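In this text, residue positions in the sequence shown follow the working numbering: the first is 320, and each later residue adds one. Here a beta-carbon is modelled for each residue, glycine too, at the ideal position from N, C-alpha and C. From a predicted model like this one, the values you see are computed outputs, not experimental measurements. This report refers to the structure that appears directly beneath it.
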Amino acid sequence: MNRPARLTDLYDRYMTAAKLHRAHSESCDTCRPDAPCETGRPLWERFTRLQDAYLTELCKQQH
Numbered sequence: 320m321n322r323p324a325r326l327t328d329l330y331d332r333y334m335t336a337a338k339l340h341r342a343h344s345e346s347c348d349t350c351r352p353d354a355p356c357e358t359g360r361p362l363w364e365r366f367t368r369l370q371d372a373y374l375t376e377l378c379k380q381q382h
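And the structure:
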């Protein structure tokens, strides 16, 4: 996909955040899907913020 540089950067950060969150949640005995641990919560929040930002920018590009 041919994306503008800003969108590519946002996508890369979004995917990195997803990988970090997934790696943590797979190895953490305390995290649950509905209640992440103290370390997992900021990882989840960063992932969701970046996901929202990426999807918002993607929608802008399509209109």
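Three-way DSSP call (helix, strand, coil) for residue i in this model
i: R365; result: helix
i: R325; result: helix
Within 8 Å, strictly: CB atoms of residue i and residue j
i: L362; j: H340; result: yes
i: A336; j: R365; result: yes
i: Y333; j: Q380; result: no
i: A372; j: L326; result: no
Nonlocal neighbours in the same chain, by C-beta distance under 8 Å from residue i, ignoring five residues either side
i: G359; result: H340, H343, S344, C347, T349, C350
i: R322; result: Y330, Q380
Cβ neighbours of residue i in the same chain (closer than 6 Å, five flanking residues each side left out)
i: P355; result: W363
Cross-strand partners of residue i (DSSP beta bridge)
i: R351; result: A354
Nearest neighbour of residue i, chosen from the options [CA to CA]
i: K338; options: T375, L377, T367; result: T367
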